[in-house]
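Comments concern the structure below.
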Amino acid sequence: MTTPVPDASTSDSESVAPAEQAGEGASQSLQKSELKRLRKAELKEQKRLHAKEQRQQKKKAQKQRKQELRQEHLESMSAAERAEFLEKEREAGRERKAAIEATLDYSFHHGRPRIVINCSFSDTMDVRELTSLAKQVQLSYTQARDSNSKVQLHVTSLHAQNPVIHSLEKQGMKSWKLHLHEESVWDVFATEAREGRLVVLTPDAEEELLEVLEEEVYVVGGIVDRSVKKMQSRSQAVDQGATKRLGSASCR
1 MTTPVPDAST
11 SDSESVAPAE
21 QAGEGASQSL
31 QKSELKRLRK
41 AELKEQKRLH
51 AKEQRQQKKK
61 AQKQRKQELR
71 QEHLESMSAA
81 ERAEFLEKER
91 EAGRERKAAI
101 EATLDYSFHH
111 GRPRIVINCS
121 FSDTMDVREL
131 TSLAKQVQLS
141 YTQARDSNSK
151 VQLHVTSLHA
161 QNPVIHSLEK
171 QGMKSWKLHL
181 HEESVWDVFA
191 TEAREGRLVV
201 LTPDAEEELL
211 EVLEEEVYVV
221 GGIVDRSVKK
231 MQSRSQAVDQ
241 GATKRLGSAS
251 CR
């Protein structure tokens with residue numbers, strides 16, 4: 001009596017089928033997870049844009065109301081009073097401008113501590129992220145200027161191949177009074193790095209920044225929140241042997 005031999009093709013297909021189904025299931029699960037993540041990111045972006053629009057509308061309304069009140073005040077004056085008021089406004093404006101220029105000039109030449117925005121991470125960003133980074137650099141500059149701060153600002157790694165340069169120029173970089181460098185922060189402040197006075201601010205550092213010293217140079221990673229790669233700025237600091245301290249959750 002001959003023992004029947006199982007059909008190899010049938011048995012193989014039967015054993016492969018569950019594996020294929022498992023693979024398809026894992027793929028579908030991954031796709032669902034990715035879609036969920038994308039939807040969540042899209043919702044977050046929509047909320048951010050809505051909040052931004054509301055802030056802009058509120059600011060616009062406040063500005064318009066201020067102009068209306070000023071116009072009402074002018075209309076209540078005589079011609080002589082109005083002329084005197086406008087001349088005082090112009091004089092106050094000239095004084096403010098002169099004070100700002102004096103502060104910027106002092107900060108540029110003698111300001112301390114020195115704060116550096118390290119733009120060596122730009123090649124990991126897309127256009128939207130580069131625009132966001134440029135706006136943050138511009139905001140840092142205007143806040144330092146308007147708050148009468150005496151810090152000295154530097155932006156490094158602005159070589160010709162850096163894609164963030166175009167975005168920075170659109171934000172008015174050419175008119176800013178701060179130090180712009182083609183070289184990396186490690187080259188510009190090599191002496192400070194060797195002496196342990198180069199402090200890299202990163203949320204991944206173990207040591208917390210407890211005080212700010214004038215003789216130290218503080219480095220902020222030019223990385224926007226959307227493109228954060230954990231340990232990115234800290235890893236670069238470790239490679240260069242620089243001091244690493246935790247600055248704030250917004251530092252990268």
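Our numbering applies: residue 1 is where the sequence shown begins, and numbers increase by one. Where a beta carbon is used, it is the ideal one built from N, C-alpha and C, also for glycine.
Burial state of residue i, where buried means 16 or more other Cβ atoms lie within 10 Å
i	result
N162	buried
Q171	buried
S33	exposed
N148	exposed
A205	buried
M173	buried
Q127	Reading the sequence as shown, one finds Val at residue 127 and not Gln. Classification for V127: exposed.
V188	buried
H154	buried
G247	For G247, the predicted structure reports a pLDDT of 44, less than 50, and the residue's modelled location is therefore unreliable. The matter cannot be settled from this model.
L43	exposed
L168	buried
E53	exposed
CA-to-CA distance, residue j to residue i, given in whole angstroms
i	j	result
K88	R82	10 Å
S227	T131	Reliability fails at S227, whose pLDDT of 47 lies under 50, so the model's placement of it is uncertain and the value that follows must be treated cautiously. Between S227 and T131, the C-alpha separation is close to 12 Å.
L86	L74	9 Å
V164	L201	21 Å
L197	C119	Inspection of the sequence shows that residue 197 is occupied by Arg rather than by Leu. Answer to the nearest angstrom: the Cα atoms are 20 Å apart.
L180	M125	20 Å
H166	E84	45 Å
K59	K135	18 Å
Same chain, Cβ closer than 7 Å to residue i, five either side skipped, listed in chain order
i	result
Y106	K150
E214	R112, P113
E182	L158, H159
G104	Note on residue identity: the sequence assigns Leu, not Gly, to residue 104. Closer than 7 Å at Cβ, skipping near neighbours: R145, K177.
Residue i - partner residues in DSSP beta bridges
i	result
L43	Bridge partners of L43: none, in fact.
V155	I117, L180
G221	N118
Residue i at chain D interface by Cβ criterion, 8 Å
i	result
T142	Any reference to chain D falls outside this structure, which holds one protein chain only.
Same chain, Cβ closer than 8 Å to residue i, neighbours up to 5 away in sequence not counted
i	result
E195	none
Cβ-based neighbour list, residue i, same chain, cut-off 6 Å, excluding 5 preceding and 5 following
i	result
H110	none
Segments of 3+ residues assigned as beta strand (DSSP E) that fall wholly inside the segment 90 to 146: 114 to 118
Start-end ranges of the beta strand (DSSP E) lying completely within the segment 188 to 219, minimum 3 residues: 198 to 201
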